[in-house]
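Chains as they are written, first to last, in my numbering: chain F, 1 to 201; chain B, 1001 to 1201.
For glycine and all other residues, C-beta sits at the position ideal for the given N, C-alpha and C.
Structure, as structure tokens:
2 protein chains.
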Amino acid sequence: MAETRPPDASRRSERSRRAIYDAALALVGEAGYTRTTIEGIAARAGVGKQTIYRWWPSKAAVLLDAFLDRAEQAAQGEPDLPDTGDLEADLKLVLRATVDELNSPVYDAPARALAAESVSDPALAAQFVERLLEPSLQMYVRRLDAARAAGHVRAGIDPRIALELLVGPLAHRWLLRTLPLTHEYADKVVEYALYGLAPRD
Amino acid sequence: MAETRPPDASRRSERSRRAIYDAALALVGEAGYTRTTIEGIAARAGVGKQTIYRWWPSKAAVLLDAFLDRAEQAAQGEPDLPDTGDLEADLKLVLRATVDELNSPVYDAPARALAAESVSDPALAAQFVERLLEPSLQMYVRRLDAARAAGHVRAGIDPRIALELLVGPLAHRWLLRTLPLTHEYADKVVEYALYGLAPRD
Chain F
1 MAETRPPDAS RRSERSRRAI YDAALALVGE AGYTRTTIEG IAARAGVGKQ
51 TIYRWWPSKA AVLLDAFLDR AEQAAQGEPD LPDTGDLEAD LKLVLRATVD
101 ELNSPVYDAP ARALAAESVS DPALAAQFVE RLLEPSLQMY VRRLDAARAA
151 GHVRAGIDPR IALELLVGPL AHRWLLRTLP LTHEYADKVV EYALYGLAPR
201 D
Chain B
1001 MAETRPPDAS RRSERSRRAI YDAALALVGE AGYTRTTIEG IAARAGVGKQ
1051 TIYRWWPSKA AVLLDAFLDR AEQAAQGEPD LPDTGDLEAD LKLVLRATVD
1101 ELNSPVYDAP ARALAAESVS DPALAAQFVE RLLEPSLQMY VRRLDAARAA
1151 GHVRAGIDPR IALELLVGPL AHRWLLRTLP LTHEYADKVV EYALYGLAPR
1201 D
């Protein structure tokens, strides 16, 4: 679709959009999801609340787009997991980084809010999975496919299931707050998933 | 502590307690968690709302106790995972039953409500983990310990971490609604967790 708005308006709305994302993430972090309102986000972003209502149907939708925007910026030019040829080392690096992100106070409140809403709202969950979660899981699929081609993953392993043995345990600890998320834990999850619990003989 | 209430009063309050649990689970299933109120639970259970307020601080607390009560009834006399000596078969049985429970409409709405509240409320999460989740995870610890003693689990494996490779993937699919939960999926998770993703040679 051709961009028909003049460049100035486009730049202006891009600035507003970013300001809205920053405001939403910050407010949820400071005040909690329940106490965050569209009005509050608008005031902090310096835009009219009609601007937000025009672009998004709910505060959960704003939050989802804020995360998508962050994920796109973080992946800038590098939309894949590292591949040094050492699957174990690469996965440990990625899962340790995931632990750091999940433990970061800036990330925790808005990410939990989005996850909690998705747990109880199927429509939001569909958006969350399709636009944010599944694309990030597909990075694991590609890395595991490459490992299989290199002989580092058993033939017959379905990478879309295999990746859940890596991300599932971390998500379980984080979402349900069972035990602390540490680098040591991330390492063990990678080791157990790669080599299994049963003896090798 | 000695039971000082006369037997009749005790039986009556036991009946009320059960009626409140049934009402809470049914209402959340029918109307959703947000639209379920203490008043609604009281009306359906045929008790005064003060009875509920006297015993529980919130509707989430009622729901948690309702789940605990159900879990205690389900475990009646059998508070452990099956142990036929075949770890793979036993775990497949347990994970398939978990899939069935997570897919059951009666269970889904109240369990999701409790999980979603726990994701965003650390105080409720602490109760949820301590009283409901961790005791059920300890059943896996005991089964994996027995398997280790029998030589079916590698020496050096920490069973409290190992179990998360089994329950984490299922929880991830269920909570975040990524893909369907099926028996075939449960079987693969058990196989991958036991034998690992890396080739055995």
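Let me know the secondary structure DSSP gives residue i once reduced to three states.
i, result
"F:His152", "coil"
"F:Gly85", "coil"
"B:Val1047", "coil"
"F:Gln76", "coil"
"B:Ser1136", "helix"
"F:Pro57", "coil"
"B:Thr1036", "coil"
"F:Arg112", "helix"
"B:Gly1196", "coil"
"B:Asp1100", "helix"
"B:Met1001", "Legend: pLDDT at B:Met1001 = 44, less than 50; position of this residue unreliable, value from coordinates given subsequently. Here B:Met1001 sits in coil by DSSP."
"F:Asp201", "coil"
"B:Asp1121", "coil"
Closer than 8 Å by beta-carbon distance: list the chain B residues that pair up with residue i, in chain order.
i, result
"F:Arg165", "Residue 165 of chain F is actually Leu in this sequence, not Arg. Correct list: Leu1165, Gly1168, Pro1169, Val1189, Tyr1192, Ala1193 and Leu1197."
"F:Ala125", "Leu1176 and Arg1177"
"F:Val28", "Result: empty, since nearest Cβ-Cβ is about 10 Å, beyond 8 Å."
"F:Val129", "Leu1176, Arg1177 and Thr1178"
"F:Ile157", "Tyr1192 and Leu1197"
Closer than 9 Å by beta-carbon distance: list the chain F residues that pair up with residue i, in chain order.
i, result
"B:His1152", "Leu197, Ala198 and Pro199"
Who are the neighbours of residue i on chain F, taking C-beta pairs under 7 Å?
i, result
"B:Ser1204", "What the structure shows of chain B is the stretch from 1001 to 1201, and residue 1204 of chain B is not part of that stretch, so it cannot be assessed."
"B:Leu1133", "Leu176 and Thr178"
Taking the alpha-carbon positions, what's the residue i to residue j distance?
i, j, result
"B:Ala1002", "B:Ser1010", "At B:Ala1002, the pLDDT of 47 sits below 50, so the modelled position is not reliable and the matter cannot be decided from this model."
"B:Thr1098", "F:Gln127", "26 Å"
"B:Asn1103", "B:Asp1187", "16 Å"
"B:His1152", "B:Ala1043", "53 Å"
"F:Ala149", "F:Leu194", "16 Å"
"B:Leu1025", "B:Ala1155", "43 Å"
"B:Ile1161", "B:Asp1108", "26 Å"
"F:Val28", "B:Ala1089", "45 Å"
"B:Tyr1192", "B:Leu1181", "16 Å"
"B:Pro1199", "F:His183", "25 Å"
"F:Leu132", "F:Ser118", "12 Å"
"F:Val141", "F:Glu130", "15 Å"
"B:Leu1179", "B:Ser1013", "43 Å"
"B:Ile1041", "B:Leu1124", "20 Å"
"F:Thr37", "B:Leu1063", "28 Å"
"B:Ala1146", "F:Leu114", "39 Å"
"F:Ala71", "B:Ala1045", "47 Å"
"B:Gln1050", "B:Asp1121", "24 Å"
"B:Ser1016", "B:Pro1159", "40 Å"
"B:Gln1073", "B:Pro1105", "19 Å"
"F:Leu175", "F:Asp65", "21 Å"
"B:Phe944", "F:Gln76", "Past the edges of chain B, shown from 1001 to 1201, lies residue 944 of chain B, and the structure says nothing about it."
"F:Leu81", "F:Ile157", "19 Å"
List, in chain order, every chain F residue whose beta-carbon is nearer than 8 Å to that of residue i.
i, result
"B:Tyr1185", "Ile161"
"B:Val1094", "The contacting residues do not exist; B:Val1094 stays about 15 Å from chain F at best."
Worksheet item: Hey, which unbroken runs of the alpha helix (DSSP H) at 4 residues or more fall wholly within the stretch 1153 to 1182 of chain B?
Response: 1159 to 1162 and 1164 to 1176
Discussion item. With three or more beta-carbon pairs closer than 8 Å as the criterion, would you say the stretch 1152 to 1169 of chain B touches the stretch 159 to 179 of chain F?
Written reply: yes
Worksheet item: Is the stretch 89 to 96 of chain F touching the stretch 127 to 136 of chain F, taking contact as three or more C-beta pairs under 8 Å?
Response: no
Worksheet item: Do the stretch 52 to 62 of chain F and the stretch 74 to 85 of chain F touch if we need at least three Cβ pairs shorter than 8 Å?
Response: no
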